[in-house]
Amino acid sequence: MLNHTISTVNTLFSAIKIAPVLMIFLLMECGSFRTALADTLEEYTVKAALSLNFARFTEWPPDGFTANSSVITMCTLGDNVIHDAFSGVEKKTIGKKTITVINLTRIRDLNQCQLLFVSGMEKNKTIQLIDEIKMSPILTIGEDDDFIKSGGMVILKIVDGKVSMQINLDAVKKARLQINSRVLKLAKIVSP
Amino acid sequence: MVMKSFQLFLLFSLCSMSWAQTESAEVNNKDVTELDMAELLKVKVTSVSKKTQALSDAPSAIFVISNEDIKRTGVTSVPEALRMAPGIDVARINANRWAITARGFNGGFANKLLVLIDGRSVYTPSFSGVYWDAQDVMLEDVDRIEVIRGPGATLWGANAVNGVINIITKTSESTQGGLLTAGGGNLERGFGALRYGKKLTEDTYGRVYAKGFTRSDFNALDGGHTEDNWSRQQGGFRVDSRLSDQDELTFQGDLYQNQLNQSFLLPDFAPPFLNRADDNASVAGWNLTSRYKHILSSTSEYSLQFYYDHTERKEFTIGQALDILDIDFQNNFQITPHQNFIWGLGYRANFDSFNSTPFFQFDPSKRNVQLFSSFLQNEIMLIDDKLWLTIGSKFEHNDYTGFEGQPSAKLMWAPSSKQRVWASVSRAVRTPSRGENDIRLLEGIFTLPPPNNLTLPFTLNGNRQYNAEELLSFELGYRFTLANRASLDMTAFYSDYNNLRTSSPGTLQTAGNLPFFFTNEGRGKSYGFETSMVWQMTDWWRWDGTYSFFNAEFSQDALTQVINSISPKHKVSLRALLTPIDKVNLDFWFRYNSKAGAASARTLDVVPINEYVTLDARIGCQIHPAVELSVTGQNLLDSRHLEFIEETYILPTEIPRGVYGKIKFEF
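Line by line, the protein sequences are chains G and W.
Under our numbering, the first sequence has 88 at position 88, and the numbering climbs by one with no breaks.
So the mapping is simple: our numbering equals the position in the second sequence, first residue as 1, plus 1000.
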């Protein structure tokens, strides 16, 4: 038993000795993978970029920009993956306005947000959240059908490996927001 | 060995770092934010598994075993799945028993780990531990297993001393339709499971399941035959109902029975004072849980949970029945945008009944024990979305030691979206078990040397003055994610134990019985670190690795005996998850445990356990959208190896190599 174990350990030792060679091979693997990646993008990078476009093509009522009209505030409610993706749109400019991203780790001070991206929240909580802000001029973006059912405005959903957009126009209108018709043409208009 | 593994880890990190630089450069070259919407909607997106990127925001050492992990390793039980977690010591005793612990003190009766299945505690108050043979779930319906090392006492209460394991099953809504699995092999003689889920009304979903297996004997360490085969049948249901936008109700239950064989080495008055006995034991039970949750607003909710759990065991050495009634209330709300408050109240009643044998006796044979508990915890955001302080405490009253307070303070810092740093100080207690109060255990028969030639039964006895074991724990953790394709989680801990269980000799009694009594004379400290990493090397190849280092020191005086198992200093688990061709999964799982030791109540000694390396491999093929075939090989490197020796009577048993095939059909 002991001998057996020792011999197995020895075999493993020799296996580990060739590890650096293996590693070089793996590095090359990494390299070939990188080029293969050229036509694809990470899901949340795309969703953050789409959210930026919503900020670009949405008109808020004048009272939607309270303190600082030179800033559009995009808020996220999600994990660090979402935070990371949205850091890519931080400080982008739309006309004279600059994008500020606030990654909220808990639900608070939502009135500072012009746009709210919600990811991975329980259905019941989402319903409450949307209900609490449905009259506020905040463009809400979620990720699944339940989000629209809960009264959310936009969902960015993966269909066949691509992002598809659905917009709940009633909810958008109720919040006195206007989304540019060019965007509406690209989306599927739905009602809850 | 460990150094080598470490080099391996370093190389992985280096590789992914070089990746990090090149990738971010590429993204900059091709600024996604400059693409227009039509282009963005046309681009193919990759959804890298959340496991490689998402960092937990919990200020504790948490590791999550996903449904996918369970499937890909081919494990057939919850204990085997726990081998994936760092810092968890899983040692199989025989075909139907395991010794499982976190951060030391392992044993078949390990008592410092709390285990919950869907919020129901499955810990047994007779020894403050878990009878793993009685716990099973439909593995295909497990959503995840959360493994938390270190004290979780502030939220979960006494006995969450060194860790908490939360087994969480999927909601009925996500287990709709039928699922049938069947298979068999040399150790897994045969198994099958059937689940069917259905939408019952507009807002109510339900599922029912039934499963069963029969497993064959392992090998006795002495080369002989052991009787430890077992079979189990289990069924259950779950109903989830959304009563309104604000109300959710869950109702679930399980019913099971086991026929398990076990081989003992029992104390005997005639030389050689040990007698082999084989036993047909039966273990059965049922449980019902209901959980009601009401959402008051997006930031506040309360829940009320009720469960009833009945178990009975009939073994050659002891018979026992246990009924547990538990009610829990929890409420959380926001005081200010920067302060979250959570509090709760709980009540638990245990009704037990024992049938004594010459080996295990309980006096009194029936006892009702109650537990009242409350906790409060405040999470304060000190710097907006960057720094949090969590302070709280559990206050409990139990029938053995009265009031116990278990406070903790935790600090969490997010320097960037790619990093988390946390630190914590907590106190936890392990309240006495029924056994430590009331047991009389026949440990062995001793003969005094000539000229006396006396044979003396030597017993271990409960003590009504026995106190709670105490722990003061310090932890420091760091997590980070690299280039969205790799992440690393590290925790270091220092634990200071007081009032640890010892046994002290009493006076020789007239009946010729040499009694020892449970006492609290032990002190000890342990320290170590645990690390886990995930690396999505390519879209079709992922590495999951863990490494744990552990060391403990205990003090004892001349008269008392403190006998603790020695956990392996070094533990490594490395998994390679490959999808070399579409619809085919290939998995390798390598594990290494350095040498360890198993405490024996019979010899009052620690029996050495050799280091071992082992490998599992699985190939799974989706031959049809609804059908998956797989073959899993377990412990492939050796025909058999020893992992543990149980502390009382179980015949030392080795774990053989196993292979089984399985078919999964969804309809």
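Here a beta-carbon is modelled for each residue, glycine too, at the ideal position from N, C-alpha and C.
All values derive from a computational prediction rather than experimental measurement.
Residue i versus the options, residue with shortest Cα-Cα distance
| i | options | result |
| --- | --- | --- |
| W/Arg1103 | W/Tyr1131, W/Leu1636, W/Tyr1123, W/Ala1160 | W/Ala1160 |
| W/Asn1484 | G/Gln114, G/Ile130, G/Asp84, G/Glu132 | G/Asp84 |
| W/Glu1227 | W/Gln1330, W/Phe1127, W/Ala1277, W/Lys1211 | W/Ala1277 |
| W/Pro1267 | W/Gly1235, W/Glu1248, W/Phe1360, W/Ile1295 | W/Phe1360 |
| W/Ile1167 | W/Glu1173, W/Leu1155, W/Val1142 | W/Val1142 |
| W/Arg1542 | W/Gln1634, W/Thr1507, W/Asn1585, W/Ile1566 | W/Asn1585 |
| W/Leu1200 | W/Thr1431, W/Arg1238, W/Leu1387, W/Ile1117 | W/Arg1238 |
| G/Thr93 | G/Leu129, G/Asn53, G/Ile141 | G/Asn53 |
| W/Glu1404 | W/Ala1158, W/Gln1536, W/Val1606 | W/Ala1158 |
| G/Leu129 | G/Arg182, G/Phe147, G/Ser181 | G/Phe147 |
| G/Gly142 | G/Ile133, G/Gly152, G/Ser136, G/Met135 | G/Gly152 |
| G/Ile189 | G/Ile179, G/Leu177, G/Ile82, G/Ile167 | G/Ile167 |
| W/Asp1328 | W/Phe1306, W/Lys1525, W/Ile1391 | W/Phe1306 |
| G/Asp79 | W/Ser1077, W/Ile1563, W/Leu1055, W/Lys1071 | W/Leu1055 |
| W/Ser1594 | W/Asp1587, W/Leu1642, W/Pro1449, W/Gly1522 | W/Leu1642 |
Cβ-Cβ separation, residue j to residue i (assumed contact under 8 Å), whole Å
| i | j | result |
| --- | --- | --- |
| W/Arg1657 | W/Leu1636 | 6 Å |
| W/Phe1372 | W/Trp1343 | No, W/Phe1372 and W/Trp1343 are not in contact; Cβ-Cβ is about 14 Å, not under 8 Å. |
| G/Leu77 | G/Met121 | 6 Å |
| W/Arg1207 | W/Arg1189 | W/Arg1207 to W/Arg1189, Cβ: 27 Å. No contact. |
| W/Pro1059 | W/Leu1442 | The Cβ separation is near 46 Å, so there is no contact. |
| W/Phe1264 | W/Asp1279 | 6 Å |
| W/Ser1573 | W/Met1084 | 6 Å |
| W/Val1429 | W/Ala1486 | So it is not a contact: roughly 39 Å between Cβ atoms. |
| W/Ala1596 | W/Ser1567 | 6 Å |
| W/Trp1098 | W/Pro1125 | With 8 Å as the limit, W/Trp1098 and W/Pro1125 do not qualify as a contact, their Cβ atoms being about 19 Å apart. |
| W/Ser1433 | W/Asn1106 | About 16 Å; that fails the 8 Å criterion. |
| W/Gly1197 | W/Thr1214 | No, W/Gly1197 and W/Thr1214 are not in contact; Cβ-Cβ is about 26 Å, not under 8 Å. |
| W/Ser1300 | W/Phe1333 | 4 Å |
| G/Phe86 | G/Ala55 | Between G/Ala55 and G/Phe86 the Cβ distance is about 11 Å, and since that is not below 8 Å, they are no contact. |
Under 8 Å by beta carbon: chain G residues contacting residue i
| i | result |
| --- | --- |
| W/Lys1044 | Asp39, Thr40, Leu41, Gly161, Lys162 |
| W/Gln1053 | Asn80, Val81, Asp84 |
| W/Asn1331 | Near W/Asn1331 there are no residues of chain G at all, since even the closest Cβ is about 15 Å away, more than 8 Å. |
Spatial neighbours of residue i in its chain, beta-carbon cut-off 6 Å, leaving aside the 5 residues before and after
| i | result |
| --- | --- |
| W/Glu1530 | Pro1086, Gly1087, Thr1491, Ser1548 |
| W/Ala1414 | Lys1386, Arg1420 |
| W/Asp1247 | His1294 |
| G/Pro61 | Pro137, Arg176 |
Straight-line gap, residue i to residue j (C-alpha atoms, nearest Å)
| i | j | result |
| --- | --- | --- |
| G/Phe117 | W/Tyr1612 | 49 Å |
| W/Phe1644 | W/Ala1601 | 14 Å |
| W/Glu1666 | W/Arg1575 | 27 Å |
| G/Gly88 | G/Thr58 | 20 Å |
| G/Ser119 | W/His1397 | 41 Å |
| W/Tyr1400 | G/Ala175 | 60 Å |
| W/Thr1632 | W/Glu1647 | 31 Å |
| W/Ser1297 | W/Lys1051 | 30 Å |
| W/Arg1464 | W/Ser1216 | 41 Å |
| W/Lys1366 | W/Phe1109 | 21 Å |
| G/Arg108 | W/Val1627 | 46 Å |
| W/Tyr1466 | W/Glu1521 | 10 Å |
| W/Asp1363 | W/Ile1439 | 7 Å |
Where residue i meets chain W, residues with beta-carbon distance less than 8 Å
| i | result |
| --- | --- |
| G/Thr58 | In chain order: nothing, as chain W lies at least about 12 Å away. |
| G/Ser87 | Ser1417 |
| G/Ala49 | Val1032, Thr1033, Leu1035, Leu1040 |
Cutoff 8 Å; reference residue i; Cβ partners in own chain excluding five residues on either side
| i | result |
| --- | --- |
| W/Ala1134 | Val1122, Tyr1256, Asn1258, Val1283, Gly1285, Thr1311, Arg1313 |
| G/Lys185 | none |
| G/Asp144 | Ile155, Lys157 |
Listed by chain order, chain W residues near residue i by CB distance under 9 Å
| i | result |
| --- | --- |
| G/Glu143 | Neighbours of G/Glu143 on chain W: none; closest Cβ ~11 Å, over 9 Å. |
| G/Asn168 | By Cβ distance, chain W contributes nothing, its closest Cβ being about 17 Å from G/Asn168, past 9 Å. |
Beta-carbon neighbours of residue i, restricted to chain G and to distances below 9 Å
| i | result |
| --- | --- |
| W/Ile1295 | Glu122, Asn124, Lys125, Ile127, Gln128 |
| W/Met1084 | None at all; the shortest Cβ gap to chain G is about 20 Å. |
Residue i: contacting residues in chain G (beta-carbon distance under 7 Å)
| i | result |
| --- | --- |
| W/Thr1299 | Ile107 |
| W/Glu1248 | Asn124 |
| W/Pro1432 | Chain G residues near W/Pro1432: none, gap ~39 Å exceeds 7 Å. |
Chain W residues whose Cβ lies nearer than 7 Å to that of residue i
| i | result |
| --- | --- |
| G/Lys92 | Thr1033 |
Cut-off 7 Å between Cβ atoms - residues of its own chain near residue i, not counting five sequence neighbours on either side
| i | result |
| --- | --- |
| G/Thr35 | Note that G/Thr35 has pLDDT 38, beneath the 50 cutoff, so the model's placement of it is unreliable and the number below is only indicative. None. |
| W/Asn1028 | With a pLDDT of 43 at W/Asn1028, under the threshold of 50, the modelled position of that residue is not reliable, and no figure is offered here. |
| W/Gly1435 | Ser1126, Phe1127, Gly1462 |
| W/Val1137 | Val1078, Ile1117, Ile1167, Thr1169 |
Proximity test, Cβ basis, 8 Å: residue i and chain B
| i | result |
| --- | --- |
| G/Thr140 | The question asks about chain B, but that chain is absent: this structure's protein chains are G and W. |
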